[in-house]
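S.K.: In the working numbering, the protein residues as written are 1348 to 1505.
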Ligand SMILES: [Zn+2]
């Protein structure tokens, strides 16, 4: 049998869990959206991956590529890379506590899981989170083998 390229992540370990990031390092690339739908996700991932490899940056394991919306029309693709020296200005660190919601479904379910995590944070804190990230935790090929697209949404708690 052909080996899977994405790890078979156990969503139970992520769903409804509080996650703390301490100076997690991300390489950022712009993403253009139309009403929450990324228009250039694939090319942003391909170009971003090529650019960070050219700079000698290495992805953390498991490979985490996040999508973040900054408004209706713009967002970012964030590649979780290993910490290092001489990181350029496209590299940012993210710290804080996040609530995660995880589902297995189709790409179009991203909006659903994002709404779930926003509602959950809103219930806890009494206001909406100002940062939400979406992790597509397997590639389309592995999604077929693993019974669906794994989507984990993170919303900032504090
Ligand atoms: Zn894969």
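Backbone N, C-alpha and C define an ideal beta-carbon position, used for all residues, glycine too.
So, for residue 1468: in the same chain, excluding its five sequence neighbours on each side, which residues have a beta-carbon less than 8 Å away from its beta-carbon?
M.R.: Position 121 of the chain shown holds residue 1468. Contacts found: 1446, 1475, 1476, 1502, 1503 and 1504.
S.K.: Quick one: is residue 1391 buried, meaning 16 or more other Cβ sit within 10 Å of its Cβ, or exposed?
M.R.: For this step, residue 1391 is matched to residue 44 along the chain shown. Residue 1391 comes out buried.
S.K.: Go through the stretch 1436-1485 residue by residue and report every complete run of the alpha helix (DSSP H) that reaches 4 residues or more, in order.
M.R.: Taking only runs of at least 4 residues, the alpha helix (DSSP H) segments lying wholly in the stretch 1436-1485 are 1457-1472.
S.K.: Looking at the secondary structure, which residues open and close the alpha helix (DSSP H) in which residue 1487 lies?
M.R.: Residue numbering aside, residue 1487 sits at position 140 when the chain shown is read from its first letter. From DSSP, the alpha helix (DSSP H) with residue 1487 extends over 1487-1492.
S.K.: Have a look at 1453, 1457, 1465 and 1402 and flag the residue whose alpha-carbon is nearest the alpha-carbon of residue 1429.
M.R.: For the purposes of this step, residue 1429 is taken as the residue at position 82 of the chain shown. Per the Cα distances, 1402.
S.K.: Measuring CA to CA, which of 1433, 1397 and 1377 is closest to residue 1413?
M.R.: Against the chain shown, residue 1413 aligns to sequence position 66. When each option's Cα is compared against that of residue 1413, the closest is 1377.
S.K.: Taking 8 Å as the limit between beta carbons, can you name the residues of its chain near residue 1453, skipping five residues before and five after?
M.R.: Translated into the one-based positions of the chain shown, residue 1453 becomes position 106. These residues qualify, in order along the chain: 1495 and 1496.
S.K.: Compute the Euclidean distance between the alpha carbons of residue 1397 and residue 1471, then round it to the nearest angstrom.
M.R.: Counting from 1 along the chain shown, the entry for residue 1397 is found at position 50. Counting from 1 along the chain shown, the entry for residue 1471 is found at position 124. Going by the C-alpha atoms only, they are around 40 Å apart.
S.K.: Helix or strand or just coil, what does DSSP make of residue 1431?
M.R.: As a working mapping, residue 1431 is identified with position 84 in the chain shown. The answer is coil: DSSP assigns residue 1431 none of H, G, I, E or B.
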